[in-house]
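Engineer: Chains as they are written, first to last, in the working numbering: chain A, 1 to 358; chain B, 1 to 358; chain C, 1 to 358; chain D, 1 to 358; chain E, 1 to 358.
This is the structure I want to talk about, given as structure tokens.
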Amino acid sequence: MKANRKSRKAALRKVTEHLTGEFRVKQEIKIPEKVIIELISYNEETVIMAENKPLDELFEQYNDGRKNWINVDGLSDRTLIDQIAKKFDLHFLLIEDITNVDHQPKTDELEDHLFLTMKMFYRFDEEKIHYEHISFVLGKNYLLSFQEKEGDIFAPLRTRIKQENGIIRKRGTDYLLYRLVDTIVDSYYSVLEKIGEQVEAVEENISKNPTVKDFQQIQKIRKEFIYLRRVVYPLREAINKIAKNENGFIDENNEKYFADVYDHVIHLIDSLDTYKDLTSTMMDLYMNTINYKMNEVMKLLTIITTIFIPLSFIAGIYGMNFDNMPELRWDNGYFGVLAIMGSIFILMIVYFRYKKWF
Amino acid sequence: MKANRKSRKAALRKVTEHLTGEFRVKQEIKIPEKVIIELISYNEETVIMAENKPLDELFEQYNDGRKNWINVDGLSDRTLIDQIAKKFDLHFLLIEDITNVDHQPKTDELEDHLFLTMKMFYRFDEEKIHYEHISFVLGKNYLLSFQEKEGDIFAPLRTRIKQENGIIRKRGTDYLLYRLVDTIVDSYYSVLEKIGEQVEAVEENISKNPTVKDFQQIQKIRKEFIYLRRVVYPLREAINKIAKNENGFIDENNEKYFADVYDHVIHLIDSLDTYKDLTSTMMDLYMNTINYKMNEVMKLLTIITTIFIPLSFIAGIYGMNFDNMPELRWDNGYFGVLAIMGSIFILMIVYFRYKKWF
Amino acid sequence: MKANRKSRKAALRKVTEHLTGEFRVKQEIKIPEKVIIELISYNEETVIMAENKPLDELFEQYNDGRKNWINVDGLSDRTLIDQIAKKFDLHFLLIEDITNVDHQPKTDELEDHLFLTMKMFYRFDEEKIHYEHISFVLGKNYLLSFQEKEGDIFAPLRTRIKQENGIIRKRGTDYLLYRLVDTIVDSYYSVLEKIGEQVEAVEENISKNPTVKDFQQIQKIRKEFIYLRRVVYPLREAINKIAKNENGFIDENNEKYFADVYDHVIHLIDSLDTYKDLTSTMMDLYMNTINYKMNEVMKLLTIITTIFIPLSFIAGIYGMNFDNMPELRWDNGYFGVLAIMGSIFILMIVYFRYKKWF
Amino acid sequence: MKANRKSRKAALRKVTEHLTGEFRVKQEIKIPEKVIIELISYNEETVIMAENKPLDELFEQYNDGRKNWINVDGLSDRTLIDQIAKKFDLHFLLIEDITNVDHQPKTDELEDHLFLTMKMFYRFDEEKIHYEHISFVLGKNYLLSFQEKEGDIFAPLRTRIKQENGIIRKRGTDYLLYRLVDTIVDSYYSVLEKIGEQVEAVEENISKNPTVKDFQQIQKIRKEFIYLRRVVYPLREAINKIAKNENGFIDENNEKYFADVYDHVIHLIDSLDTYKDLTSTMMDLYMNTINYKMNEVMKLLTIITTIFIPLSFIAGIYGMNFDNMPELRWDNGYFGVLAIMGSIFILMIVYFRYKKWF
Amino acid sequence: MKANRKSRKAALRKVTEHLTGEFRVKQEIKIPEKVIIELISYNEETVIMAENKPLDELFEQYNDGRKNWINVDGLSDRTLIDQIAKKFDLHFLLIEDITNVDHQPKTDELEDHLFLTMKMFYRFDEEKIHYEHISFVLGKNYLLSFQEKEGDIFAPLRTRIKQENGIIRKRGTDYLLYRLVDTIVDSYYSVLEKIGEQVEAVEENISKNPTVKDFQQIQKIRKEFIYLRRVVYPLREAINKIAKNENGFIDENNEKYFADVYDHVIHLIDSLDTYKDLTSTMMDLYMNTINYKMNEVMKLLTIITTIFIPLSFIAGIYGMNFDNMPELRWDNGYFGVLAIMGSIFILMIVYFRYKKWF
């Protein structure tokens, strides 16, 4: 069965890479060799933090009477994850979803825990969108978080837990989950902002002097939106399921926080759709500007041709070598022809001006 | 946590500016330095108005037995808003929604008040759409309104409240809310009217002599519709929620007023969609007219080329310097060639006429 | 408040005119100066008709034991309408909907009457679609109808009521409403038929020799469909609401008649959508024919250029004045060159034939 | 009222003709002058068939204890149909739907019979789709079928009923209805097959040498799909209503047969949608091939022009008649110029080859 | 009736071939002449396998107290299938669905068995997608599977059943069904992967040097997606029906496995939609690159023409043979004209450079 699953995962990963590889969204290579597990056990009075210890020692610190946050950085050590799964009674398929980094965002309400998996996005440079797969398991007194890669996006929250008078300390692990999810959704806004800047830059270029590069940039941005949509759309359903809170995993007083996150996701989707409209508007602008330039080129060609071809024809006539061509003998024949040519030239110019061609 | 939220707000604001900045919808800079708070406490018999007083004095005038409208102009003084929040028991997240001027329109039904946030639109000149974020909190005997900027759109309503026999005085704060919302929805119509005039102007230009400017104008209008849609679409849901009145915040006799507002919002959305169809029709018209002109240009080029190139060729033949070219010696050779050229010319003209090229 | 509403109505009217003005759908100017009120009170045995009388006299004829149809032609006399509103206890907002001639079709089920407002369409000439706003109020023993303009579309029905053995006389006012609505929906079909004829005419033109005029005609038709859709789509919902008859305004035996009208509206919408598909098919056809002609033009240009430019070059060579050009001295040089030119000409023709260019 | 209905029907018929007339789907003219009525009364043991008899005689044969199928070919004799309506208590509006040959497919569940109306399609030749309007009324022991035109599509079923051991004989009239509907749905497949062959033929032409004819053929096929969709889409709803069998008109054991028909209709719709996608793919292919050819033409034009215009210019220079042109006097001037021309020619060719223009 | 069905099947098959034939998805011809039936009867302790035996012997091995998997390879032997149908009480229409290899995927919940039919996809080479029709019947202690063609995709599962400690042995036939379906869904991913590779290859070609071949390849890929969608979309509904498990065919503990498969199907559809977006993006890219090249060609043509036509005209003037042309007699006339020509040439070049044409 594992062989089976593995081949699917390989295929699935390749599909995902095709879908995202064009705009250079590649996995970071710093996947931690050693998985880092960290336990933060807190209540209103005290905080205990444990890190880099063997799992058994960590579990000794685990205290059912307090709130416990276990954060796992790295998904490579399956044995370790299986141990955690055993401790918290996580189903085999749930572990699959945690370790399958291509899984779409979703929420599952299981018998005694809530499962949420999503993507965490942030953007370092113009070339790459870095993201990671993250999963949460919310139980009665614990919150498990599984990150694909080591990262410090949650660092401010850890600091806040240490502070004695923080609101987090007073509330349950469901509130902590809200804070973590809220932090991740915030990170989407900064991605959107970066892409927004790219959109603006391209738009300015296009309205000035559109090149193939601008077109490729638009295509790149469109693909980024296609991919972002893939990640954000299912999130709506997932967060909504938590906010509805039909199975009571969330304290009633905290429901509105998830409703707030849901509002933000809706706003994100709405912004994405608006951006999508804007990029197709940009495409139109690009095509039109190109067409317009083409038009100008054709006009120039036509003006030049239309003016000089008849003139050349006249010159050609008097370049013929017939013996009997009376005009050639006239004293002012040459100047007369020049005058005629000049008149034709001026008439043509007037005609094109009248037609507003230039 | 505030740092966190602030960074999101900054990103969110930038996103909004990207989405709207292209068509120069910029915030007014006259954000009031001092927040203006105004209390209007009224019942059927008397009206008490208080303005520009410290909050405590204002609250002394507040009377639970009467209907109280507290209008706040400006969202910059957070302390003051927090005081109001405390007085009326407003949740922290609700205050967030009031002060986050990028929030989408929505309605929230909380335990003892109804919350509505929306955008207020009006249009001063051809260049800019001015809008502001406005929020309402409707409680048992009070209505709070929070405006982003100082404005006098509600001035007529204030006058009306002062009038002794006004219907507003007889009814509750829910009716007052209806009147305020109705005033705002009316303002959308004037925006739509202005854009409608632009559409008409552009359409006339295009059908005459389309230029790149007209295309850019169409794009600008399309973006305006995209943005308007963002603001008006969620309003439907928000107003509908109030009109359904599941939690009884609205007096039964006043439900139909909100149903009426809902009708207007539906009509607005419908008009927006129709306008959207019209702009894409206009785009087609523009592209087609451009194509048609291009076609005319190409035809001219082809006619000129097709007529004169063969003629020039004939002239070229008799411009050759061969010793033995009998025609050159003929007495009427020259005139014969001129006659042939004339015939070809006429035949070509007839051919193109027959083909209906001009 | 009236000032307020008026400004909205003005804006709304302008918006509607923008949306429809392009294809010259203008209001008829014959809005009746005097409002005409007519009462038809009937039961199975007798009919009483009263017209052009003061309202009080008319109301004296009104008889609760019989079925009463009051038809109002013209909405300009607000006092009169307010009197009727008072008599039948119509709400202020309902009167607004009756007199607001830009209101979308809709059905409202009120406490003791059913309200339906819709558009009545007919078409006189190629230039204009004439329509008017019409509203119905169906009560227990009465049916009120408010027409924007004087018209005789209901004349056949009046005649039928006068006939002793008509089915209308035997049934209630709900059946009368059905007959009126059915008459209106029928009028849509004749509009559709007219537009259908235009479509056919344009299509024939395009397939022969498409001009800019045809394109403009297509655009005009597309706009007509956009507007028709605006008027017919909401009708579906409105009629469906009546047919469902949840509040019992319609006699059970008459429900199926409204279901039948509903079927016709569905069929109308379906036909509109099909027409819409056809116009976009026509657009494709137009663009393609234009492109094809462009292609032909370019081919001609290319053939002429490709044949004659090399020939002209050869002529140009032997037009050079070098002292030492042996060919020029050859006896048959000229004829040889002519032969070569002829061969090139024929080869070119053969090549283009082979390439199937003409 | 009839006048009224008639004018609608006339308009409706014209609309339908517009919608379908372009691809020459015209009504067969062989509408039977005399309506043919046929009664087949059967049970497991015996079959009685009666045809071409006066209605009263036919009704004498009708037997409530057996299953009776009355088939009416031709809708022109309204008196006769009214008689049948009276016998089986059919509502006036239902008769309207039976005789209105432009009615869309639908199912109505009435008090004591089920009504189904649909289109029967078959295709004789490349030019025409022949179809007819058919309606069924299913009662407790009877099935009425009303065909617009005489036809023998049901002939095999009649034969089968006559056979003693046929399954039809054992089951009720609902099963007979299934068999008839199934036969009709089968006929759609053969239409689809024919169109599919056309699609294939056009596609092959386009990929070889696309002409305007192919484009017109695509347009014709697209219209055929638009029309087919109009006929098949509402069928889904209609058959689904029967298969759901909420009012028990169908024997429970026969429900699955209608579910099977429903499956086929879904498959038909799905195939239609896929074909629609294919035709738009074909349109792209056509446009692209045309564009590609245009491109080739332009390239040829450009190559010829770019090569010969500079060469002609050189020849032109040495065709000038200045007294003092030293080159003309050189002994090898002519050959030198020829060599230069040759070099330019070869360089141009090399350049275009390098640019992969040919 | 069979004749009837057969003709439909023939039509249906042709339709399917049209829809898929273009991209050479043809049936494998190795349809087994002899149908192979195989029985695997297992429980936690033992496994009995029987193959290539007469049906009666096979059925003797069938044991209601164990779990029985009967796999049928090949659908040609109708008698045999009818025997199985009789044994397991399968309805006539269900057998139709099993043997109709063009049937769309669907799930039917019958009285005492669950029926699922779907397509099994795999891809051998660049030219062909090979697929087969597969159906499952899940009863209390048995699972029947009917494959269109002989294949070894289930071989690993057979091996796994033989293993003593496999999870399959411990669970019911519903779990076995899950494993089979899961294997098939996995096979879709490998198809998607192959197409993904093609997409990538084409995209690279296009961005370099687009040819008609690339366009045809895009069209081919688009058709492949259209067909894949036809096969995968209905699967969603089918699997969802099983996962919902309203009639209890699946053990509650196994429900989540089907939910997992459902997730994968959703992911597949999502990936397909994203690919579809990508191909239309690719189409844009192709069209744009072609347009851009066309533009370049036109520019070159215009530059050459615009430079040399005026120069040729000047040469033409001094090629005229007038007796009185003073310039011809000037000593430096020739060199002066050359200088003027040179200046014009340089000015033109500068102008085009300034206009950024090259």
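Glycine included, C-beta positions come from ideal geometry on N, C-alpha and C.
Quick one: residues in its chain with C-beta nearer than 7 Å to the C-beta of residue 166/E, no 5 flanking neighbours on either side, listed in chain order?
Structural biologist: For the purposes of this step, residue 166/E is taken as the residue at position 166 of the fifth sequence. 160, listed in sequence order.
Engineer: To the nearest angstrom, report how far apart residue 293/C and residue 103/E are at their CA atoms.
Structural biologist: Here residue 293/C is taken as the residue at index 293 of the third sequence, counted from 1. Here residue 103/E is taken as the residue at index 103 of the fifth sequence, counted from 1. Rounded to whole angstroms, residue 293/C to residue 103/E spans 46 Å at the Cα level.
Engineer: Taking the alpha carbon of residue 256/D as the point to measure from, which residue in 222/D, 182/D, 201/D and 190/D has its own alpha carbon closest?
Structural biologist: Here residue 256/D refers to the residue found at position 256 when the fourth sequence is read from its first residue. Closest in alpha carbon position to residue 256/D, among 222/D, 182/D, 201/D and 190/D, is 182/D.
Engineer: Going by the beta-carbon positions, is the gap between residue 136/E and residue 288/D smaller than 7 Å?
Structural biologist: Residue numbering aside, residue 136/E sits at position 136 when the fifth sequence is read from its first letter. Residue numbering aside, residue 288/D sits at position 288 when the fourth sequence is read from its first letter. Cβ atoms of residue 136/E and residue 288/D: not closer than 7 Å.
Engineer: Using only alpha-carbon positions, find the residue among 194/E, 190/E, 212/E and 218/E that is nearest to residue 360/E.
Structural biologist: Coverage of chain E is limited to positions 1 through 358, which leaves residue 360/E absent and any answer about it impossible.
Engineer: Compare the C-beta of residue 344/C with all C-beta atoms of chain G and state if any pair is closer than 7 Å.
Structural biologist: Absence of chain G from the displayed structure is noted, the protein chains being A, B, C, D and E.
Engineer: Does residue 350/E come out as helix, strand or coil in the three-state DSSP assignment?
Structural biologist: Counting from 1 along the fifth sequence, the entry for residue 350/E is found at position 350. Helix.
Engineer: Beta carbon of residue 221/D, beta carbon of residue 279/D: below 7 Å?
Structural biologist: Within the fourth sequence, numbered from 1, the residue matching residue 221/D stands at position 221. Within the fourth sequence, numbered from 1, the residue matching residue 279/D stands at position 279. Yes, the pair counts as a contact, with Cβ atoms nearer than the cut-off.
Engineer: Quick check on the DSSP output: what are the complete alpha helix (DSSP H) runs of length 4 or more inside the stretch 124-180 of chain D, in order along the chain?
Structural biologist: 155-162 and 167-170
Engineer: Whose Cβ in chain C lies nearer than 7 Å to the Cβ of residue 297/D?
Structural biologist: What you label residue 297/D is simply residue 297 of the fourth sequence in a count that begins at 1. Correct list: 298, 299 and 302.
Engineer: Give the residues from the stretch 277-290 of chain E that approach chain A closer than 8 Å (Cβ to any Cβ), ordered along the chain.
Structural biologist: For the stretch 277-290 of chain E, the set of residues with a beta-carbon nearer than 8 Å to any beta-carbon of chain A comprises 277, 278, 281, 284, 285, 288 and 289, in chain order.
Engineer: At which residues does the alpha helix (DSSP H) containing residue 415/A begin and terminate?
Structural biologist: Lying outside 1 to 358, the shown extent of chain A, residue 415/A is not represented and no answer is given.
Engineer: Do residue 146/D and residue 72/D have their CB atoms nearer than 7 Å?
Structural biologist: Sequence index remark: in the fourth sequence, residue 146/D carries index 146 (1-based). Sequence index remark: in the fourth sequence, residue 72/D carries index 72 (1-based). Yes, the Cβ-Cβ distance between residue 146/D and residue 72/D is below 7 Å.
Engineer: What residue range is occupied by the uninterrupted beta strand (DSSP E) comprising residue 41/A?
Structural biologist: Counting from 1 along the first sequence, the entry for residue 41/A is found at position 41. Counting along the chain, the beta strand (DSSP E) containing residue 41/A begins and ends at 36-42.
Engineer: Helix, strand or coil for residue 242/D, going by three-state DSSP, please let me know.
Structural biologist: The residue you call residue 242/D lines up with position 242 of the fourth sequence. Correct three-state label for residue 242/D: helix.
Engineer: I'd like the span of the alpha helix (DSSP H) that includes residue 282/B, first residue to last.
Structural biologist: Sequence index remark: in the second sequence, residue 282/B carries index 282 (1-based). First-last of the alpha helix (DSSP H) with residue 282/B: 255-317.
Engineer: Where does the unbroken beta strand (DSSP E) through residue 48/D begin, and where does it stop?
Structural biologist: Taking the first residue of the fourth sequence as 1, we reach residue 48/D at position 48. Here the beta strand (DSSP E) through residue 48/D covers 47-51.
Engineer: Between the Cα of residue 194/B and the Cα atoms of 138/B, 132/B, 211/B and 272/B, which residue gives the shortest distance?
Structural biologist: To locate residue 194/B, count along the second sequence from 1; it is residue 194. The residue among 138/B, 132/B, 211/B and 272/B with its C-alpha nearest the C-alpha of residue 194/B is 272/B.
Engineer: Leaving aside the five residues before and after residue 64/B along the sequence, list all residues of the same chain whose C-beta is less than 7 Å from its C-beta, in chain order.
Structural biologist: Numbered from 1 along the second sequence, position 64 holds the residue referred to as residue 64/B. Same-chain partners within the cutoff: 141.
Engineer: Please identify the residue among 92/E, 117/E, 185/E and 296/E whose C-alpha is closest to the C-alpha of residue 269/E.
Structural biologist: Counting from 1 along the fifth sequence, the entry for residue 269/E is found at position 269. Minimum Cα-Cα distance from residue 269/E among the listed residues 92/E, 117/E, 185/E and 296/E corresponds to 185/E.
Engineer: Quick one: what does DSSP say residue 186/B is sitting in, helix, strand or coil?
Structural biologist: Start at 1 with the first residue of the second sequence, and residue 186/B comes out as number 186. Looking at residue 186/B - three-state DSSP - the assignment turns out to be helix.
Engineer: Answer with yes or no whether the minimum CB distance from residue 267/C to chain D is below 7 Å.
Structural biologist: As a first step, residue 267/C is located in the third sequence; it is residue number 267 there, counting from the start. Cβ-Cβ to chain D under 7 Å: yes for residue 267/C.
Engineer: Name the DSSP beta bridge partners of residue 114/B, please?
Structural biologist: Along the second sequence, one-based indexing puts residue 114/B at 114. Bridge partners of residue 114/B: 109/B and 138/B.
Engineer: How many angstroms separate the CA atom of residue 206/D from the CA atom of residue 206/E?
Structural biologist: Along the fourth sequence, read from residue 1 onward, the residue named residue 206/D stands at position 206. Along the fifth sequence, read from residue 1 onward, the residue named residue 206/E stands at position 206. If you take the alpha carbons of residue 206/D and residue 206/E, they lie about 22 Å apart.
Engineer: So, at 6 Å on beta carbons, what are the nonlocal neighbours of residue 115/B in its own chain, with the 5 sequence-adjacent residues on each side left out?
Structural biologist: The residue you call residue 115/B lines up with position 115 of the second sequence. Within the same chain, residue 115/B has close Cβ partners 94, 108 and 137.
Engineer: Could you say which of 305/B, 285/B, 106/B and 61/B lies nearest to residue 213/C if we only look at CA atoms?
Structural biologist: Here the question's residue 213/C lines up with position 213 in the third sequence. With distances taken between Cα atoms, residue 213/C lies closest to 285/B.
Engineer: Thinking C-alpha only, which one of 347/D, 236/D and 84/D is nearest residue 69/D?
Structural biologist: As a working mapping, residue 69/D is identified with position 69 in the fourth sequence. Answer by Cα proximity: 84/D.
Engineer: Around the C-beta of residue 354/B, are 16 or more other C-beta atoms found within 10 angstroms, so that it is buried, or is it exposed?
Structural biologist: As a working mapping, residue 354/B is identified with position 354 in the second sequence. Residue 354/B is exposed by the Cβ-count criterion.
Engineer: Taking all protein chains shown into account, decide if residue 253/D is buried (16 or more other Cβ within 10 angstroms of its Cβ) or exposed.
Structural biologist: Counted from its first residue, the fourth sequence places residue 253/D at position 253. By the 10 Å Cβ count, residue 253/D comes out exposed.
Engineer: Which residues in chain B sit within 8 Å of residue 305/A, going by Cβ to Cβ distance?
Structural biologist: Position 305 of the first sequence, counted from the start, is the residue given in the question as residue 305/A. Residues of chain B passing the Cβ test: 301, 304 and 305.
Engineer: Could you list which residues in chain A have their beta carbon closer than 7 Å to that of residue 259/B, in chain order?
Structural biologist: Locating residue 259/B in the second sequence gives position 259, counting from the first residue. Those within 7 Å of residue 259/B in chain A number zero; the least Cβ separation is about 25 Å.
Engineer: Just to confirm the assignment, what range does the alpha helix (DSSP H) spanning residue 326/C have?
Structural biologist: Within the third sequence, the letter at position 326 stands for residue 326/C. Segment 326-329, the alpha helix (DSSP H) holding residue 326/C.
Engineer: List the endpoints of the continuous alpha helix (DSSP H) containing residue 56/C.
Structural biologist: Residue mapping note: residue 56/C aligns to position 56 of the third sequence, counting from 1. That run of the alpha helix (DSSP H) goes 55-61.
Engineer: Starting from the C-beta of residue 341/B, find all residues in its chain whose C-beta is less than 7 Å away, skip the five residues before and the five after it, and write them out in chain order.
Structural biologist: Mapped onto the second sequence, residue 341/B falls at position 341. Once the five neighbours on either side are set aside, the close Cβ partners of residue 341/B are 311 and 314.
Engineer: Based on Cα-Cα distance, which residue from 42/B, 36/B and 76/B lies nearest to residue 54/B?
Structural biologist: Counting from one through the second sequence, the residue named residue 54/B turns up at place 54. Selected option, being the one with the closest Cα: 36/B.
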